[in-house]
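Asker:
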Amino acid sequence: MHLDADQLDAWERDGFLTIPGAIDPARCQELMQRADEIVTAFDPATVSIFSTHEQTRTSDEYFMASGDNISCFFEEEAFGPDGRLVHDKARSINKIGHAMHDLDPVFDSFSRQAAFADAAASIGIARPLLLQSMYIFKPPHIGGEVSCHQDSTFLYTDPMSVVGFWVALQDATLENGCLWAQPGGHRTPLRKRFVREPGGGTSFEELDATPFPEPGGSELVPLEAEAGTMVLLHGLLPHWSDVNRSARSRHAYTVHIIDGATSYPAENWLQRSPDLPLRGFDAA
Ligand code: FE2
8 MHLDADQLDA
18 WERDGFLTIP
28 GAIDPARCQE
38 LMQRADEIVT
48 AFDPATVSIF
58 STHEQTRTSD
68 EYFMASGDNI
78 SCFFEEEAFG
88 PDGRLVHDKA
98 RSINKIGHAM
108 HDLDPVFDSF
118 SRQAAFADAA
128 ASIGIARPLL
138 LQSMYIFKPP
148 HIGGEVSCHQ
158 DSTFLYTDPM
168 SVVGFWVALQ
178 DATLENGCLW
188 AQPGGHRTPL
198 RKRFVREPGG
208 GTSFEELDAT
218 PFPEPGGSEL
228 VPLEAEAGTM
238 VLLHGLLPHW
248 SDVNRSARSR
258 HAYTVHIIDG
268 ATSYPAENWL
278 QRSPDLPLRG
288 FDAA
């Protein structure tokens, strides 16, 4: 399923590309089933709340250790004032991350199917390496906003190379918090980098003061997507998703891929154990 000339033109013009029907619905179901099993087995004693709001993320050691394991993160609104879950555990999870693609056979197989490999080859990633996977739940009523950001902020390489491969496992609509993106925004500068501090902890290193488009404004367009749709996202593309206040979940899966010909900084938050080197699309 290599991309055609029109798709490549759209990718270069917009910095994103939507490919309806790219992934077999049966494979989407299989991945959803596996994610459900992981959450069922998850012991909430190890609690982490995921947010792109800075204070939470920077102080979260559970998050920092999750680059090479399988961790579950709660929604910010999952807990009541008494500290207890308001909903069932399964309806309280924000995401699973960040190395299922290398540690779980179902995720490994899903992430290395031809649709991903062919798209990566088509857009010219010379030596693709699968860096990060995220299973995003966007649960009913409490699915959190993901503030406008560029993926290169979190997954920086020199030169920049990260591309996000996002798959709608369920229909993503305006009501349940679909992606929004800025067409052409991949030609704007990288605003900041999320870095590990030498003495421990993390911070955002400010690089450029260009403001992001306003959520809800005219610069961002909604990327509504039926289940099975793949969306490619350039690492510099500003994108955002709103809260989900609807009664329907919005499950999605992303794999972030870098070019192994670039250098990967030691100050990036995501670091892998030498025991778990990055792999490409080849079978283990
Ligand atoms: Fe992102």
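In the numbering used here, the protein residues as written are 8 to 291. Using N, Cα and C, we set each Cβ at its ideal position, and we do this for glycine too. The model shown is predicted, which means the values in this text are computed figures rather than measured ones.
Smallest Cα separation from Leu-277: which of Thr-164, Cys-155, Arg-98 and Leu-38?
Answerer: Thr-164
Asker: Assess contact between the region 121 to 133 and the region 85 to 99, defined as three or more Cβ pairs (one per stretch) separated by less than 8 Å. Is contact present?
Answerer: Under the three-pair Cβ rule at 8 Å, the region 121 to 133 does not count as touching the region 85 to 99.
Asker: Which same chain residues end up closer than 8 Å to Val-169 when comparing Cβ atoms and leaving out the 5 residues on each side of it in sequence?
Answerer: Leu-138, Asp-158, Ser-159, Leu-162, Tyr-163, Gly-242, His-263, Ile-264 and Ile-265
Asker: Measure the Cβ-Cβ separation of Asn-183 and Arg-98 and say whether it is below 8 Å.
Answerer: no
Asker: In this structure, does DSSP put Gln-278 in helix, strand or coil?
Answerer: DSSP places Gln-278 in coil when its eight states are reduced to three.
Asker: Does the beta-carbon distance from His-105 to Ser-73 come in below 8 Å?
Answerer: yes
Asker: Using the Cβ count rule (16 or more neighbours within 10 Å means buried), how would you classify Thr-25?
Answerer: buried
Asker: Cβ atoms of Thr-261 and Ile-103: under 8 Å apart, would you say?
Answerer: The answer is no: Cβ separation not under 8 Å.
Asker: Looking at the structure shown, is Ser-58 part of a helix, part of a strand, or coil, going by DSSP?
Answerer: With a pLDDT of only 47 at Ser-58, under the threshold of 50, the placement of this residue in the model should not be trusted; the figure read from the coordinates follows. Secondary structure at Ser-58: coil, using DSSP grouped into helix, strand and coil.
Asker: Evaluate Asp-13 with the Cβ neighbour count: other Cβ atoms within 10 Å of its Cβ, from every protein chain shown; 16 or more gives buried, anything less gives exposed.
Answerer: exposed
Asker: Taking Cβ to Cβ, would you say His-246 is nearer than 8 Å to Leu-181?
Answerer: no
Asker: What is the DSSP secondary structure of Ser-66, counted as helix, strand or coil?
Answerer: Confidence at Ser-66 is low in this model, with a pLDDT of 42, below 50, so the placement of that residue is unreliable and no value is reported for it.
Asker: Glu-212 bridges to which residues according to DSSP?
Answerer: Arg-200
Asker: Find the nearest neighbour of Ser-280 within the set Pro-205, Asp-75 and Ala-216, judged by alpha-carbon distance.
Answerer: Asp-75
Asker: Taking the alpha-carbon of Ala-42 as reference, which of Ile-100, Glu-82, Ala-17 and Asp-16 has the nearest alpha-carbon?
Answerer: Ile-100
Asker: Please tell me whether Ile-45 and Ile-77 are closer than 8 Å, where the distance is taken between their beta carbons.
Answerer: In this structure, Ile-77 lies closer than 8 Å to Ile-45 by Cβ.
Asker: Do Gly-22 and Leu-244 have their C-beta atoms within less than 8 Å of each other?
Answerer: yes
Asker: Any residues whose CB sits closer than 7 Å to a heavy atom of the ligand FE2? List them in chain order?
Answerer: Val-153, His-156, Asp-158, Gly-171, Leu-240 and His-246
Asker: Using the Cα positions of Phe-70 and Pro-190, report the straight-line distance between them to the nearest angstrom.
Answerer: Straight through space, the alpha carbons of Pro-190 and Phe-70 are spaced by roughly 30 Å.
Asker: Report, in whole angstroms, the separation of the C-beta atoms of Pro-88 and Asn-251, which I expect to be a contact under 8 Å.
Answerer: That belief does not hold up - the Cβ atoms of Pro-88 and Asn-251 are roughly 22 Å apart, past 8 Å.
Asker: DSSP state of Ala-175, grouped into three classes?
Answerer: strand
Asker: Tell me whether Gln-177 is buried or exposed, calling it buried when 16 or more other Cβ atoms sit within 10 Å of its Cβ.
Answerer: buried
Asker: Starting from the C-beta of Pro-222, find all residues in its chain whose C-beta is less than 6 Å away, skip the five residues before and the five after it, and write them out in chain order.
Answerer: Trp-247
Asker: Of the choices Ala-216, Tyr-271, Val-174 and Ala-234, whose alpha-carbon is the least far from that of Leu-240?
Answerer: The shortest Cα separation from Leu-240 among Ala-216, Tyr-271, Val-174 and Ala-234 belongs to Val-174.
Asker: Could you tell me which residues DSSP puts in a beta bridge with Leu-244?
Answerer: In DSSP, Leu-244 forms no bridge with anything.
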